[in-house]
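Student:
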Amino acid sequence: MISYFKKHITQKWLLIFLAIFFILAILLCGSFFIFEKKYSEKFYPGVHIANTNVGGLNKEQAKKLLNNKVNFINQNGIKFQYHTNSSVLFPLIASVETDLAYEIINFNIEKSIDEVYSYGRQDSFLNNFIKKIKALTKKKYFGVYYTVNENEINKFLINSFYSYERPSLDAKLVYEKPNYNKPVFFEIEEEKYGQIIDYKKGINDLKTNLLILNNENIVLNAKIDFPKIYKKDCLNITAKAEQLLSRAPVYLFYEDKEWKINNEKLTEWLALKNNPSTSSKDKIMVGLENEKVSAYLISEISPEINKEPRDAKFIIKNGRVEEFQISENGLTLDTALNFEKIENELRNSTSTKIKLVVREEKSKIETADINDMGIKEIIGIGHSNFSGSPKNRRHNIAVGAAAVNGTLIKPEEEFSLNTVLGEINAETGYLTELVIKDNKTIPEYGGGLCQIGTTMFRTTINSGLPVTMRRNHSYRVSYYEPAGTDATIYNPWPDYKFINDTPYHILIQSRIEGDNIYFDFWGTKDGRAATSTYPIIYNIARPGPTKIIETLDLAPGEKKCTEHAHNGADAYFDYKVTYSNGEIKEKTFTSHYVPWREVCLLGVEELASEKEKTATSTAAAY
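Right, dumping it as structure tokens:
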């Protein structure tokens, strides 16, 4: 009887346990289902991007929130500070003439959002579940994607704070210029310790801040600058210098050209250097000063040897492709290799003649029977309008269009617009426009070339080709409306690139008709069909108040403003290519434009920053 009751009670508790288990399981499954449904198109709770809580937001809401932070940084800049001196770095270098503006800091909010949105969604069920629990209980932080032009930022910092530095000086070889028939007398000048600003740490601090969209002031610090060459290590230097000098005169030659390096020139080139040999007792040796030798090679010899390679270029005439520029290989004097060779031969050879190293540069497109390359019809046309452009801009557009005209793109070749345009300077025919750097107007080449980039982008889309690199302008420019269909370029970055994925060559033809520029892509149609939607423009943002920049380039009291302020916005359009085999490729091109406030230059007798520097003792810098 007792065993019966025990068995009955055990079965009863087992049933209760199973019932509780199933109820809990149903509640958990239901809760999980409700949770997943609630956040099916939203970021999971606890997820942060750039210290901003995006949990419970959809992609567009998060994008708007983060872009507001980006817009704030773009308009207010980031202040670098050294003691009482400061300078503001703006991510966008402004242009007086509209479209020469370019970014030195670029935020990719779209990519950041897409990647973070996949958190808790892209792995196995168990891993995704663990990630959601971690985000919910401990929070999960992500940074934003960004790119920086470190060279430009470093130049900005040096230009802003170089006057507070005192670089070290190595021990160096000094000499008295000899009188007639008297030998050179060498001495060693002692090294000096210095103090420099740690720009590298400042840039690293900047990167850390950019990751979380933080524009707090960045404090720069000084550090001791140690010499690399010390007088105490210089042993028997006079004899070493005289030994090298005894080789003069030395003759550099290439083919039938010859350049004489006499005693005086060679004396100027001599310099103390650390001995790379670890087995030698002599830490310091006498060699040549790289900067002086390279400057001589570049200024005196390169102009007589260097020759740019020329690709064959073609035009369409009477229905046939004709060559109008014959291909020609180029020549380049290799400055680095020649410096090493001259120094080594002076030290180790007895010959007084040194043959220069010259590289042959092959042209990419050689003269050939172009009519066998499948160029027979137009596969796509792109167009943009530049009405209202000033004279210099129109000139540059024409020069850029001529540089692109006749370019031939091989099957599977990636086209780079910056590469095709080449050097952008006076020698290649371009005129300057003004950009604003550190409250100064500075002439730069290349205004108007974004008209080439934009037209090339539109031609690529209309031809159904894959775009591999494209950046929109930082702010909306009237020449490139509708927004979202533009492409900015600036040498060396950003570039505009696409791939010729057709089985045939593509020939680019440019034409300018009044205020309109066109690119025609000639090739052979392969049955693909390309479509694109009209851009959707949204998230309109108002610009801040007019920014006044003092300048010495205008008469005191004179005021010159850029074009009117622009609203910020986001834009996108969909691109679809259907191939002859039925394959479909789709892509959405997105663009973010920062609100662009009007910038006015105001002429002054003295910059406010200079007054501050004058009033502040520079003793604190040392």
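Reading the sequence shown from the start, the letters are residues 8 to 629 in our numbering. For glycine and all other residues, C-beta sits at the position ideal for the given N, C-alpha and C. A quick note: this is a predicted structure, and the numbers were derived from the prediction, not measured.
1) Within 10 angstroms of its Cβ, does Tyr153 collect 16 or more other Cβ (buried), or is it exposed?
2) Please state whether DSSP places Ser391 in a helix, a strand or coil.
3) Does Phe149 pass the burial test, meaning 16 or more other C-beta atoms within 10 Å, or should it be called exposed?
4) Please list the terminal residues of the continuous beta strand (DSSP E) segment that includes Asn336.
5) Using three-state DSSP, classify Tyr51 as helix, strand or coil.
6) Would you list the one or two residues that DSSP bridges to Phe422?
7) Based on Cα-Cα distance, which residue from Glu197, Ser394, Leu424 and Gly395 lies nearest to Asp502?
8) Please give the ranges of any beta strand (DSSP E) in the region 516 to 548, keeping only runs that are unbroken, at least 3 residues long and fully inside the region.
9) So the alpha helix (DSSP H) Asn281 belongs to, where does it begin and stop?
10) Grouping DSSP H, G and I as helix and E and B as strand, with all else coil, what is Ala319?
11) Report the CB separation of Pro563 from Gly610 in whole angstroms; it is logged as a contact under 8 Å.
12) Less than 7 Å between C-beta atoms, sequence neighbours within five positions excluded: which residues of the same chain meet that for Ile219?
13) Pick from Pro256, Leu251 and Leu561: whose alpha carbon is nearest that of Gly294?
14) Just to confirm, is the Cβ distance from Ser4 to Leu73 under 9 Å?
15) Does the distance from the C-beta atom of Leu196 to that of Leu180 stay below 9 Å?
16) Based on the DSSP secondary-structure assignment, which residues constitute the bridge partners of Ile268?
17) Tell me whether Ile137 is buried or exposed, calling it buried when 16 or more other Cβ atoms sit within 10 Å of its Cβ.
18) List the residues that DSSP assigns as beta-bridge partners of Trp603.
19) Please state if the CB of His402 and the CB of Gly460 are separated by a distance shorter than 9 Å.
20) Start and end of the alpha helix (DSSP H) containing Glu352?
21) Going by C-alpha distance, which of Asn270, Trp266 and Tyr237 is nearest Ser253?
22) Beta-carbon separation of Ala552 and Trp603 under 9 Å?
23) Suppose you measure from the CA of Ser131 to the CA of Val484; what does that come to, to the nearest Å?
24) What would DSSP say about Ser94, mapped onto helix, strand or coil?
25) In angstroms, rounded to a whole number, what distance separates the CA positions of Val601 and Glu440?
26) Would you grab the beta carbon distance between Val427 and Thr414 for me? Rounded to a whole angstrom, and I think it's under 8 Å.
27) Please classify Leu133 as buried or exposed, where buried requires at least 16 neighbouring CB atoms within 10 angstroms.
28) When you compare each of Trp276, Ile116, Lys49 and Ile85 to Thr597 by their alpha carbons, which one comes out closest?
29) Does the Cβ of Asp205 have 16 or more other Cβ atoms within 10 Å, making it buried, or fewer, making it exposed?
30) Would a C-beta distance cut-off of 9 Å place Phe163 and Ile225 closer than the cut-off?
31) For Glu612 and Glu565, what's the separation of their Cα atoms in angstroms?
32) Using only CA atoms, which one of Glu430, Ala490 and His571 lies nearest to Ile544?
33) So the candidates are Asn222, Ser175, Ile210 and Gly209; which of them puts its Cα closest to the Cα of Gly201?
34) Is Leu242 buried or exposed, if buried means 16 or more other CB atoms sit within 10 Å of its CB?
35) Taking DSSP as the reference, what is the three-state secondary structure of Ala626?
36) What distance in whole Å lies between the Cβ atoms of Ile431 and Phe422, which are believed to be in contact at a cut-off of 8 Å?
Tutor: Taking the definition as stated:
1) Burial call: buried.
2) Under the three-state reduction of DSSP output, Ser391 falls in the strand class.
3) Taking all protein chains shown into account, Phe149 has 16 or more neighbouring C-beta atoms within 10 Å of its C-beta and is therefore buried.
4) Segment: none, Asn336 is in no beta strand (DSSP E) and carries neither H nor E.
5) Here Tyr51 sits in coil by DSSP.
6) Answer is Phe505, bridged to Phe422.
7) Looking only at Glu197, Ser394, Leu424 and Gly395, the smallest Cα-Cα distance to Asp502 is reached by Leu424.
8) Qualifying beta strand (DSSP E) stretches, in chain order: 523 to 530, 536 to 539 and 543 to 548.
9) Premise fails: Asn281 lies in the beta strand (DSSP E), Leu277 to Asn281, not in any alpha helix (DSSP H).
10) Here Ala319 sits in coil by DSSP.
11) Between Pro563 and Gly610, the beta carbon gap of about 5 Å places them in contact (Cβ cut-off 8 Å).
12) Cβ within range, chain order: Ala57, Asn58 and Gly150.
13) Looking at the Cα atoms, Leu251 is the closest of the given residues.
14) Nothing can be reported for residue 4: it is not among the residues displayed for the chain, which extend from 8 to 629.
15) Rather than Leu, the amino acid found at residue 196 in this sequence is Glu. A contact, by the Cβ cut-off of 9 Å.
16) Val257, per the DSSP bridge assignment.
17) Here Ile137 is exposed. Its C-beta has fewer than 16 other C-beta atoms within 10 Å.
18) Answer is His573.
19) The answer is no: Cβ separation not under 9 Å.
20) Counting along the chain, the unbroken alpha helix (DSSP H) around Glu352 starts and ends at Thr342 to Asn355.
21) Ranked by Cα distance from Ser253, the options Asn270, Trp266 and Tyr237 are led by Asn270.
22) One detail in the question is off: residue 552 reads as Pro in this sequence, not Ala. At a Cβ-Cβ threshold of 9 Å, Pro552 and Trp603 do not count as neighbours.
23) Cα to Cα, the separation comes out at about 46 Å.
24) Strand, per DSSP.
25) Rounded to whole angstroms, Val601 to Glu440 spans 22 Å at the Cα level.
26) Yes, they are in contact, since the Cβ atoms of Val427 and Thr414 sit about 6 Å apart, within 8 Å.
27) Residue environment analysis places Leu133 among the exposed positions, since fewer than 16 neighbouring C-beta atoms fall within 10 angstroms of its C-beta.
28) Checking every option, the nearest Cα to that of Thr597 belongs to Ile116.
29) Under the 10 Å beta carbon count, Asp205 is surrounded by fewer than 16 other beta carbons and is classified as exposed.
30) For the pair Phe163 and Ile225, the CB atoms are not nearer than the 9 Å cut-off.
31) Rounded to the nearest angstrom, the gap between the Cα atoms of Glu612 and Glu565 is 11 Å.
32) When each option's Cα is compared against that of Ile544, the closest is Ala490.
33) Here the closest residue by C-alpha is Ser175.
34) Classified as exposed, Leu242 has fewer than 16 neighbouring CB atoms from the shown chains inside 10 Å of its CB.
35) Caution applies to Ala626, whose pLDDT of 33 falls short of 50 and renders its modelled position unreliable; the value that the coordinates give is listed next. Three-state result, Ala626: helix.
36) Contact flag wrong, Cβ pair sits at about 18 Å.
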